Structure formats: C-alpha cells, structure tokens
Amino acid sequence: SSLTILDQCSFESINICGMVQNGKDDKDWEHTLTTTRDNNNHCLEKGYVMSFDTTKGLSGETAILESRILYPRRNEKCLQFFYKFDGSPKDELIVWLKTDDGTGNIRKSIKVKSIHGDGEKQWNFANIPFNTRTKFRYVFHGLKGDPQNSKGGIHLDDITLTETQCPTSVWQIRNFTSILKSSSKGDYLASPIFYNSEGYCFV
Numbered sequence: 001s002s003l004t005i006l007d008q009c010s011f012e013s014i015n016i017c018g019m020v021q022n023g024k025d026d027k028d029w030e031h032t033l034t035t036t037r038d039n040n041n042h043c044l045e046k047g048y049v050m051s052f053d054t055t056k057g058l059s060g061e062t063a064i065l066e067s068r069i070l071y072p073r074r075n076e077k078c079l080q081f082f083y084k085f086d087g088s089p090k091d092e093l094i095v096w097l098k099t100d101d102g103t104g105n106i107r108k109s110i111k112v113k114s115i116h117g118d119g120e121k122q123w124n125f126a127n128i129p130f131n132t133r134t135k136f137r138y139v140f141h142g143l144k145g146d147p148q149n150s151k152g153g154i155h156l157d158d159i160t161l162t163e164t165q166c167p168t169s170v171w172q173i174r175n176f177t178s179i180l181k182s183s184s185k186g187d188y189l190a191s192p193i194f195y196n197s198e199g200y201c202f203v
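Right, here's the structure in full:
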C-alpha cells in the first residue's frame, strides 16, 4: 500500500509546523538555531531544532510540546525523529499519544515511549510504532533530571509521522563522513546483526 504522511517537520519555519507549547508545564521548548556540525553529520552548519534547556531550575521540571490535531485514515502509525541528549544522564524524553476521550476532547493520554540520556551527546534516531483510528496529537514531554550536572539539554529535529509499519531495524552509522574519507575502494562496513519477523538473522 502507498505511504501516507500525516505530519512532517524540520522546524525551519517560525510556526514550528503548528506544534503548540502546553500551558500546564514548567518551561517551554525553544526554537533554537544550531550552528555546528556534529560527529554524525546530521545537523548542517545552520539549522533550527527544538531544545529544552536542563541546566537551570529544579529537578522534575517539564517542557511539553504537542502536535496539531491529526485525523488518521489508517490504524497503524510510525513516528520517527532525531533526538540528542547533551545535559544530565538523568534527563528524560517521554512520548505520549493523546486521543479523543469519547466526548470529542483530546484528553486521553497513553505513554508510547520513554527515552533516557545516554551520555553520548550525539544525534540518535527514534522509530516509534503506535495505533489509533481517532483524532489525536503526539506529545514530546521533556523531564529535567539533574540541573546541577547538566551542560545542555534535550533536542528534537526532523519529525515524520506516517501511516505505515515502522522498520523492524535501523542501522545508524556514526561519523559517516570520517569513515567515507578514510575508506578505499573495496572496503566495506558490516552492519550489526538484524533479525526479520520470522527470526532469521542477516548482516
């Protein structure tokens, strides 16, 4: 079947694709211009991302960013985005699904993924499946872990939401530009071991 894109955002526009800040949280996600190129070569020299600064304030403070209301045609969904933790290892990013509670209001919340700081301070790729047939929002909930030991925060970029199956595996190659420059004709890079739905492995 054809791929149906429900939502897509690279945050290059000031309206951040119709996403909204939740009025009941402690802080806001900030529309931030990045000017550096990281080791993954993901971010260009200049580009916008959404950032939650976790260096100030109190542990447990939150920043909540919600998508516009979306109207699905199919049940199956795949939410994909890039994220980076460069603050405290205790920082957390929670992804929620908010759906119709039966009264026409989008207030029923379901947690679909929780991601913690990994200490690598590099861009990572998230790949989150979920199902819904009713109107909904997806929500990014940043949770401040340990401001006294944070030198950055949580960052989001390049969101895509499709009505299709998520890939079963994703191979993210670190330092791709450096590997390409140091490679010679005939060199190869082996992937991790992947497994298909029937249990067969391949590289």
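Residue numbering for the sequence shown follows UniProt numbering, starting at 1 and increasing by one per position. Just so you know, even glycine gets a beta-carbon here, dropped at the ideal spot from N, CA and C. Here the structure is a predicted model, which means the values were calculated and not measured.
Note down the Cα distance separating isoleucine 5 from phenylalanine 125, rounded to an integer number of angstroms. The residue you call residue 5 lines up with position 5 of the sequence shown. The residue you call residue 125 lines up with position 125 of the sequence shown. Taking the straight line from one Cα to the other gives about 18 Å.
Nearest-angstrom Cα separation, counted from cysteine 201 out to aspartate 157: Working through the sequence shown from its first residue, we reach residue 157 at position 157. Working through the sequence shown from its first residue, we reach residue 201 at position 201. So the two alpha carbons sit approximately 31 Å from each other.
Distance, glutamine 21 Cα to arginine 74 Cα: On the sequence shown, residue 74 is found 74 positions in, with the first residue counted as 1. On the sequence shown, residue 21 is found 21 positions in, with the first residue counted as 1. The straight-line gap from Cα to Cα measures roughly 27 Å.
Can you tell me whether cysteine 43 is buried or exposed? The criterion is at least 16 other CB atoms within 10 Å of its CB, across all chains shown. Start at 1 with the first residue of the sequence shown, and residue 43 comes out as number 43. Because cysteine 43 sits at a pLDDT of 48, beneath the cut-off of 50, its placement in the model cannot be relied upon, and the point is left open.
Cα-Cα separation between isoleucine 173 and threonine 103, rounded to whole angstroms: In the sequence shown, counting from the first residue as 1, residue 173 sits at position 173. In the sequence shown, counting from the first residue as 1, residue 103 sits at position 103. Cα to Cα, the separation comes out at about 46 Å.
For alanine 126, report the span of its beta strand (DSSP E) as first-last. As a first step, residue 126 is located in the sequence shown; it is residue number 126 there, counting from the start. First-last of the beta strand (DSSP E) with alanine 126: 124 to 131.
Along the chain, where does the beta strand (DSSP E) that runs through arginine 137 open and close? Position 137 of the sequence shown, counted from the start, is the residue given in the question as residue 137. Per DSSP, arginine 137 belongs to the beta strand (DSSP E) from 136 to 143.
In three-state DSSP terms, what is leucine 58? Walking along the sequence shown from the start, residue 58 turns up at place 58. Three-state DSSP puts leucine 58 in coil, outside helix and strand.
Hey, is the stretch 58 to 77 in contact with the stretch 126 to 145, meaning 3+ C-beta pairs nearer than 8 Å? yes
For tyrosine 188, is the classification buried or exposed, using 16 other Cβ atoms within 10 angstroms of its Cβ as the cut-off for buried? Here the question's residue 188 lines up with position 188 in the sequence shown. Counting Cβ neighbours within 10 Å, tyrosine 188 comes out exposed, since fewer than 16 surround it.
Tell me, please, which residues DSSP counts as bridged to tyrosine 71. Residue numbering aside, residue 71 sits at position 71 when the sequence shown is read from its first letter. DSSP output for tyrosine 71 lists no bridge partner at all.
Contacts around glutamate 30, its chain only, beta-carbon distance under 6 Å, and the 5 residues preceding and following it disregarded: Taking the sequence shown and counting its residues from 1, the one referred to as residue 30 is at position 30. Hits under 6 Å: Ser51.
Whose C-beta lies closer than 6 Å to the C-beta of serine 10 among residues of the same chain, with five residues either side of it excluded? Locating residue 10 in the sequence shown gives position 10, counting from the first residue. Only Asp158 meet the Cβ criterion.
Mark glutamate 92 as exposed unless 16 or more other C-beta atoms lie within 10 angstroms of its C-beta, in which case mark it buried. Looking up residue 92 in the sequence shown gives position 92. Label assigned to glutamate 92: buried.
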